[in-house]
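**Student:** Got a structure for you, questions after.
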Amino acid sequence: SAVISQKPSRDICQRGTSLTIQCQVDSQVTMMFWYRQQPGQSLTLIATANQGSEATYESGFVIDKFPISRPNLTFSTLTVSNMSPEDSSIYLCSVEGGRGADTQYFGPGTRLTVL
Amino acid sequence: GQQLNQSPQSMFIQEGEDVSMNCTSSSIFNTWLWYKQDPGEGPVLLIALYKAGELTSNGRLTAQFGITRKDSFLNISASIPSDVGIYFCAGLAAGNKLTFGGGTRVLVKP
Chain A
1 SAVISQKPSR DICQRGTSLT IQCQVDSQVT MMFWYRQQPG QSLTLIATAN
51 QGSEATYESG FVIDKFPISR PNLTFSTLTV SNMSPEDSSI YLCSVEGGRG
101 ADTQYFGPGT RLTVL
Chain B
1001 GQQLNQSPQS MFIQEGEDVS MNCTSSSIFN TWLWYKQDPG EGPVLLIALY
1051 KAGELTSNGR LTAQFGITRK DSFLNISASI PSDVGIYFCA GLAAGNKLTF
1101 GGGTRVLVKP
């Protein structure tokens, strides 16, 4: 399985500011994904990040709020823009893996608290 | 969006007991995955199921992919304290998009 790291591991931010979360994987992967996990909840897919093209966002998530970069096959960033307390969540990146790329492996997550 | 129905939402275990949890969906999935998440960590893949009817084991864990492709269960045999955590089922759909169940929180009996 891939080794995935995320930075920062946690942060406390003020309302109205933005935070960029980095995701680094130790091998080249075609597809990377960003998820949100609100307190006590399950994981919800925000967007799929493909290298060389714009990210594909799920219903309820927009590029202006969650811009994503994917400059190469081992790295991606997610920015949470103009934050409000409702954005307090764990943000996780994942990468495809397994035979036929039909599993996903997750990073350790970034725990964000917005005051 | 689509949600998988996972039950139970929580359960208490006593060391040595067998536990079971399951997921159902109104849609068909081609792959079912089971993850465990410990506090402060990302989900860790436990078992992947690729074929309807498939029964797969990983140590004390056993999972099955339902014949209808709309359900899956996970069993933990002879539970130990480190089995505590949150278990998630997930179905993989087109575009490699994962849909997660609501999770089963496994706790130790006081």
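Sequence lines, in order, name chains A and B. Position one of the first sequence corresponds to residue 1 (our numbering), numbered consecutively onward. Position one of the second sequence corresponds to residue 1001 (our numbering), numbered consecutively onward. Yeah, the Cβ is synthetic: ideal placement off N, Cα and C, and Gly gets one too.
What are the start and end residues of the beta strand (DSSP E) that includes Arg1069/B?
**Tutor:** Unbroken run through Arg1069/B: none, as it is neither H nor E.
**Student:** So what's Ser1027/B in DSSP terms, helix, strand or just coil?
**Tutor:** Coil.
**Student:** Taking only beta-carbon atoms, is Phe1029/B less than 7 Å away from chain A?
**Tutor:** It does not; no Cβ of chain A falls within 7 Å.
**Student:** Among the candidates Phe1029/B, Ile1013/B, Gly1053/B, whose CA atom is the shortest distance from the CA of Ser1082/B?
**Tutor:** Ranking the options by Cα distance to Ser1082/B, first place goes to Ile1013/B.
**Student:** Comparing the C-beta of Glu96/A with each C-beta of chain B, is any distance below 7 Å?
**Tutor:** With 7 Å as the cut-off, Glu96/A counts as an interface residue toward chain B.
**Student:** Using a Cβ-Cβ cut-off of 7 Å (strictly less than) and excluding sequence neighbours within five positions of Gly109/A, which residues of its own chain qualify?
**Tutor:** Hits under 7 Å: Gln6, Ile90, Tyr91, Leu92.
**Student:** If you reduce the DSSP assignment to three classes, tell me which class Glu54/A lands in.
**Tutor:** Three-state DSSP puts Glu54/A in coil, outside helix and strand.
**Student:** Within the 7 Å Cβ cut-off, does Leu1049/B reach chain A?
**Tutor:** For Leu1049/B, the answer is no, since every Cβ of chain A falls outside 7 Å of its Cβ.
**Student:** Is Lys1036/B near the ligand PLP - that is, is its Cβ less than 6 Å away from at least one heavy atom of it?
**Tutor:** No copy of the ligand PLP occurs in the structure displayed, which carries no ligand at all.
**Student:** Taking the straight line between their C-alpha atoms, what separation do you get for Ser81/A and Pro8/A?
**Tutor:** Taking the straight line from one Cα to the other gives about 16 Å.
**Student:** Can you look up Ile86/A in the DSSP assignment and give me helix, strand or coil?
**Tutor:** It is worth fixing the name first, because residue 86/A is Glu in this sequence and not Ile. The answer is helix: DSSP assigns Glu86/A an H, G or I state.
**Student:** Measuring alpha carbon to alpha carbon, tell me which residue in Leu1107/B, Glu1015/B, Lys1036/B, Met1021/B is nearest Phe1065/B.
**Tutor:** Considering only alpha carbons, the answer is Met1021/B.
**Student:** Is it buried or exposed for Gly1103/B, if we count other Cβ within 10 angstroms and need 16 for buried?
**Tutor:** Its Cβ being crowded by 16 or more others within 10 Å, Gly1103/B is buried.
**Student:** Work out the CA separation of Gln51/A and Asp1018/B for me, nearest whole Å.
**Tutor:** Roughly 44 Å between the two C-alpha positions.
**Student:** If you reduce the DSSP assignment to three classes, tell me which class Pro67/A lands in.
**Tutor:** Correct three-state label for Pro67/A: coil.
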